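Numbering (UniProt numbering), first residue to last: 1 to 146.
Cβ atoms here follow ideal geometry from the backbone N, Cα and C, with glycine treated the same way.
Everything numeric in this text was worked out from a predicted model, so none of it was measured.
Read the structure below first, then the notes.
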């Protein structure tokens with residue numbers, strides 16, 4: 001794979017396929033979650049690009065060890081690359097703890113469970129119609145006091 005490619009139509013995870021800017025994350029987070037699973041929440045938004053983009057948020061409070069957080073991100077990126085999604089921005093957020101501090105940081109069982117859960121979310125995102133960015137609504141009519 002060449003490092004100068006845009007990532008379109010390939011299985012890499014080039015910078016153009018990532019949501020990196022804070023305002024891009026915020027604009028997707030403002031929308032209601034599209035899908036939920038046991039541990040993750042998926043937010044999607046249509047984008048104007050010829051490909052899908054991914055952002056992953058894994059909070060320390062839900063995965064206290066860096067090894068676990070990195071495993072989650074790695075598995076998420078791997079499944080994202082393998083799934084051909086329409087032109088959407090996908091944001092995956094870990095919403096519940098995946099393991100405790102007293103158990104192993106990462107196991108084959110954990111990776112398999114994460115893969116199943118994330119694959120289901122990406123499959124649903126592939127078929128679901130993501131919400132369009134919300135337009136500002138008109139102010140509500142003034143209420144009359146009795």
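Have a look at residue i and residue j and give me their C-alpha separation to the nearest angstrom.
{"i": "residue 122", "j": "residue 62", "result": "21 Å"}
{"i": "residue 84", "j": "residue 65", "result": "31 Å"}
{"i": "residue 51", "j": "residue 59", "result": "27 Å"}
{"i": "residue 74", "j": "residue 47", "result": "23 Å"}
{"i": "residue 91", "j": "residue 37", "result": "14 Å"}
{"i": "residue 116", "j": "residue 110", "result": "10 Å"}
{"i": "residue 94", "j": "residue 45", "result": "18 Å"}
{"i": "residue 96", "j": "residue 53", "result": "23 Å"}
{"i": "residue 78", "j": "residue 89", "result": "16 Å"}
{"i": "residue 80", "j": "residue 120", "result": "11 Å"}
In its own chain, which residues sit with a C-beta less than 6 Å from the C-beta of residue i, not counting the 5 before and 5 after it?
{"i": "residue 98", "result": "39, 63"}
{"i": "residue 127", "result": "none"}
In the DSSP assignment, what residue or residues form a beta bridge with residue i?
{"i": "residue 89", "result": "45, 53"}
{"i": "residue 35", "result": "42"}
{"i": "residue 18", "result": "54"}
{"i": "residue 121", "result": "Its beta-bridge partners do not exist; DSSP assigns none."}
Go through its chain and collect everything with a Cβ distance to residue i's Cβ below 8 Å, but skip five positions before and after it.
{"i": "residue 112", "result": "none"}
Cutting at 7 Å between CB atoms, please list the residues of its own chain near residue i, excluding the five before and the five after it.
{"i": "residue 135", "result": "Per-residue confidence for residue 135 stands at a pLDDT of 45, beneath the threshold of 50, marking its modelled position as unreliable; the derived number appears in the next sentence. The answer is none, since no qualifying residue turns up."}
{"i": "residue 114", "result": "72, 75"}
Around the C-beta of residue i, are 16 or more other C-beta atoms found within 10 angstroms, so that it is buried, or is it exposed?
{"i": "residue 23", "result": "exposed"}
{"i": "residue 170", "result": "What the structure shows of the chain is the stretch from 1 to 146, and residue 170 is not part of that stretch, so it cannot be assessed."}
{"i": "residue 56", "result": "buried"}
Between residue i and residue j, which are expected to be in contact by the criterion C-beta below 8 Å, what is the C-beta distance as a whole number of angstroms?
{"i": "residue 87", "j": "residue 118", "result": "At roughly 20 Å, the Cβ-Cβ gap does not stay under 8 Å, so residue 87 and residue 118 are not in contact."}
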